Each structure stands twice: as C-alpha cells, then as structure tokens.
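Down below is the structure, laid out as structure tokens.
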Amino acid sequence: MNDPWQRIEEMLATVTKTPWQQSLLITVITPLIAWLAAIFVVKVLGRLAKVTASDLDDELITRIRGPVAGSIVLAGLAIAVDISFVDRFKGLTQSLLGTIAVFLWISFGLRSSSLIFSWLGERSARRESSVFQAKTIPLFDNVAKVLILSFGIYLIFLSWGQSPSALVTSAGVLTLVVGLGAKDTFANLFGGLFILADAPYKLGDFIVLDGAERGEVTKIGLRSTRILTRDDVEVTIPNALIANAKIVNESGGPWKKFRVRVKVGVAYGSDLEKVRRILLAAAKEDTRVCKDPEPRVRFRTFGASSLDLELLVWVDDPVLRGAILDALNMEVYRRFREEEIAIPFPQRDLHIKSWPASAQAAPLPTSERDNSDEVENR
C-alpha cells in the first residue's frame with residue numbers, strides 16, 4: 067500500500083510541474099478546505115446539536131471549530147514542507163507544526179473540561195446527586211486537566227521522535243518515593259475524596275465524631291474537615307481519621323429537625339396523669355418547640371428512688387438543643403414546685419446492729435461525746 071503523502075504528490079504532479087508549485091498550491095488550497103470544514107462543523111453539526119435540550123453540545127461545537135480548522139491548515143503546511151523542503155529542515159519543521167497542533171487540542175481540552183464538569187454539576191444539583199456537587203467539581207476538573215496535559219506531553223514527545231518511556235519510568239519512581247514519604251498526606255487526600263463522593267455530611271451540618279467532638283461543619287477540604295464546637299472553638303480533623311470514624315449527623319435524615327429529651331423523676335405515689343399534663347403544657351408554651359411532631363411524654367422505668375419519665379420535643383435545628391433543654395428544665399421545675407410534686411433524690415438509711423465492746427469501754431473525746439449526745443437526742 068502506497069504512502070498517503072505519495073498519493074497526494076502524485077495527484078498534485080498532474081496539475082503542477084515543480085515541487086515548489088505543488089507546495090504553493092497546497093498552501094493556497096488548505097485554508098479554503100479549513101474554512102469549508104469550519105462551516106460544516108458550525109452549520110451541519112450545529113443543527114444536530116440544537117435538537118437536544120442541553121446547551122453543552124452547542125458550546126462544544128462552537129469551540130471545536132478553531133482546533134479543526136487549525137489542524138487542517140497545519141496538516142496542509144506539513145504536506146507542503148514534505149514536498150518542497152530539503153531533508154535537513156523537513157523533520158524539524160514538521161515536528162514544530164505537530165507541536166502547534168497538539169497545543170491547539172490541549173487548549174480545547176482544558177477549556178472544554180471546565181465546561182463539561184460545570185454542566186455536570188448543575189445537572190446533578192437538580193437531581194440531588196452525591197458525586198458531582200459544587201465542592202467536588204474543582205476536584206474532578208483538576209484531575210481531568212492533569213490527564214489532558216499528560217497526554218499532550220506524550221504526543222509532543224512523539225512528534226519530536228522521542229520515546230516517552232524514560233520519562234514515564236522516571237515519573238513512576240518519583241511517584242513511589244513521594245508516596246512513601248507522604249503516606250499520611252495521601253491518606254488524608256483519599257479520605258477527603260471519599261468524603262466528597264460519599265457525602266456523609268455537608269457544610270452547616272451538626273455532626274458528632276465517635277461520641278466526642280460535636281459541632282457545625284464549617285469547611286470540607288481535601289486534607290481535613292473543620293467543625294465549630296458549641297464553645298466557639300474550631301477543631302481541625304484529618305480526613306483519614308474521619309473516613310474511619312463513626313459519624314452521627316444530627317442534621318441528616320428526612321428532615322433537619324432534632325429531638326430533645328428532658329428526663330424527669332418524680333416520687334413514688336405521684337399522680338402520673340397530672341405529671342404528664344404539666345410536662346406537655348411546659349413544652350407547648352415554648353414557641354421554639356415544633357408543633358409537628360407534637361411533644362410527647364413517655365414513662366420509662368421504675369427507678370431506685372423515683373418514677374422516671376421523659377419529655378420528648380422536636381426543634382427546628384440541632385443548635386437549639388442546649389437552649390431548649392435549659393428552658394424546659396427551668397419551667398418543669400417551677401411548675402413542679404407550684405403543684406407540690408416531689409422530685410426525689412437518692413437516700414440511704416444506716417442501721418447499726420451492735421456497737422463494739424471496746425468502743426463502749428473507751429471514753430470518747432469531748433467533741434465526739436457531744437456529737438453522740440446530739441445523735442441520741444435526735
């Protein structure tokens with residue numbers, strides 16, 4: 067099978083006599099071909115893109131017109147150089163033209179990457195996707211740009227007749243050395259990727275980590291997550307720890323409402339129906355308590371010193387838990403005092419069966435003798 071370049075030279079030889087005439091003809095005809103190709107891209111493919119509901123394909127077709135036309139012109143110049151240039155400058159010139167073509171497509175790829183991932187982010191936001199979000203779009207975009215640049219550098223090496231295998235090997239060794247030296251950093255990085263992809267929490271959520279730190283998520287980074295505790299202290303936690311920790315998201319679930327539990331103990335013999343009415347009245351008078359679901363009271367258990375009940379109320383935001391619990395405790399205590407409902411406390415009775423004989427014979431010091439007299443008087 068003949069070389070494509072030879073076929074083109076044979077076709078041109080039928081209308082021209084010298085290589086320079088052939089090169090000149092190609093140089094003149096190539097821009098016309100590039101212009102026709104641009105028209106085809108804009109007109110024909112543009113009409114097909116308008117059928118779809120998305121504007122993404124329209125933008126991509128508009129942007130690809132330049133690289134297509136530029137590649138055709140550069141290909142024509144490469145053919146003209148192959149026909150008319152001497153071998154000394156032919157390889158250098160064609161490698162330079164190939165490099166320019168690679169840069170054209172790299173530029174198109176980088177600009178299109180941002181456009182595509184922005185479109186994916188908007189589409190996923192409407193569908194409430196957990197992968198492509200506003201905070202994850204820069205991550206995916208940067209990874210795509212690194213891959214595009216790497217592939218472009220590979221093509222540039224090939225255009226200059228150089229083998230990229232040595233570069234790839236060196237990069238692999240360098241990656242291994244860096245990975246061993248920064249394993250904790252990479253662990254945090256991959257932990258951040260898993261958190262962004264899995265989305266166990268988002269900005270503004272109240273989370274509890276392994277029953278210890280509790281606070282509002284203020285920042286989710288690739289290396290760490292920051293939470294603001296109720297003491298207004300910002301805590302920075304490496305993502306590698308969070309990825310392996312038990313996370314309680316108080317703002318998650320079907321809604322953001324949070325349930326507050328008020329534990330109450332009343333004395334044995336108390337009227338539990340009356341206690342229930344008092345607890346519900348205290349909850350319903352607080353405007354910060356949700357009406358739906360309604361407050362409720364549960365009789366939990368027979369305690370050692372009291373009948374244990376629990377008032378359950380819902381609030382609109384977990385941040386209100388402390389304030390609501392304080393207000394309800396104060397109000398319940400006030401109403402119990404007014405209604406003379408006893409709140410028992412643990413008591414112990416000490417029974418002395420016998421007194422040691424040595425203690426009876428030995429005289430007591432004056433202070434202890436006075437105290438013992440007081441005990442007998444009582």
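Add 66 to the 1-based position in the sequence shown for my numbering, that's all there is to it. Heads up, the beta-carbon is just placed ideally off N, CA and C, and yes, glycines get one too. Bear in mind that the values here come from a model prediction, so they are computed numbers and not experimental data.
Which first and last residues belong to the beta strand (DSSP E) in which Gly-388 is found? Run containing Gly-388: none in the beta strand (DSSP E); it sits in the alpha helix (DSSP H), 387 to 404.
Could you tell me whether the Cβ atoms of Val-332 and Ile-407 are closer together than 8 Å? yes
What three-state label does DSSP hand Ser-173 in the structure shown? helix
Name the one or two DSSP bridge partners that Lys-285 has. Arg-292
How is Trp-421 classed by DSSP in three states: helix, strand or coil? coil
For Trp-321, which of helix, strand or coil comes out of DSSP? coil
How far does the alpha helix (DSSP H) with Arg-343 in it extend, from its first residue to its last? 338 to 350
Quick one: grab the DSSP three-state call for Glu-380. Residue identity check: residue 380 is Trp in the sequence provided, not Glu. Three-state DSSP puts Trp-380 in a strand.
Measure the C-alpha to C-alpha separation of Ile-313 and Val-381 and round it to an integer number of angstroms. 21 Å
Proximity to Leu-102 [Cα-Cα], best of Leu-126, Asp-123, Leu-122 and Gly-136: Gly-136
Mind checking who Lys-329 pairs with in its DSSP beta bridge? Glu-376
Let me make sure I understand the geometry here. Which of Lys-323, Arg-343, Ile-418 and Ser-216 has the alpha-carbon closest to that of Val-385? Lys-323
First through last residue of the alpha helix (DSSP H) which encompasses Asn-305: 305 to 309
Looking at the structure shown, is Glu-188 part of a helix, part of a strand, or coil, going by DSSP? helix
Spell out the partners DSSP gives Glu-300 in its beta bridges. Leu-294
Cβ atoms of Val-168 and Thr-159: under 8 Å apart, would you say? no
Just to confirm, are Arg-129 and Val-108 a CB contact at a threshold of 8 Å? no
Phe-411 (DSSP reduced to helix, strand or coil): coil
Would you mind listing the alpha helix (DSSP H) stretches within the stretch 103 to 127 that are 4+ residues and don't spill past its ends, in chain order? 112 to 116
Go ahead and label Pro-361 buried or exposed: buried means 16 or more other beta carbons lie within 10 angstroms of its beta carbon, across all protein chains shown. buried
Which word fits Ile-390, buried or exposed, when buried means at least 16 other C-beta atoms lie within 10 angstroms of its C-beta? buried
Helix, strand or coil at Thr-165 [DSSP, three-state]: helix
Contact under 8 Å by Cβ, Leu-181 with Glu-125: yes
From Val-330 to Leu-375, what distance separates their C-alpha atoms? 5 Å
Can you tell me whether Pro-97 is buried or exposed, with buried defined as 16 or more other CB within 10 angstroms of its CB? exposed
How many angstroms separate the CA atom of Arg-364 from the CA atom of Gly-281? 29 Å
Delimiting residues of the beta strand (DSSP E) encompassing Arg-364: 362 to 368
Span separating the alpha-carbon of Arg-325 from that of Glu-405: 27 Å
Return the CA-CA distance between Cys-356 and Ala-349, expressed in angstroms with no decimal places. 9 Å
Nearest to Val-398 by CA position, among Arg-366, Glu-351, Ile-418 and Arg-387, is which residue? Glu-351
Cβ atoms of Val-283 and Glu-297: under 8 Å apart, would you say? Per the sequence shown, residue 297 should be read as Asp rather than Glu. No, the pair does not count as a contact, with Cβ atoms beyond the cut-off.
8 Å Cβ cutoff met for Asn-43 and Tyr-267: Shown here, the chain extends from 67 to 444; a query on residue 43 therefore has no answer.
Could you spell out where the beta strand (DSSP E) holding Val-274 opens and where it closes? 272 to 275
Can you tell me which residues form a DSSP beta bridge with Glu-316? DSSP, once it has assigned bridges, lists no residue as partnering Glu-316.
Using the beta-carbon count (16 or more within 10 Å), is Phe-16 buried or exposed? There is no way to answer for residue 16, as the model of the chain reaches only from 67 to 444.
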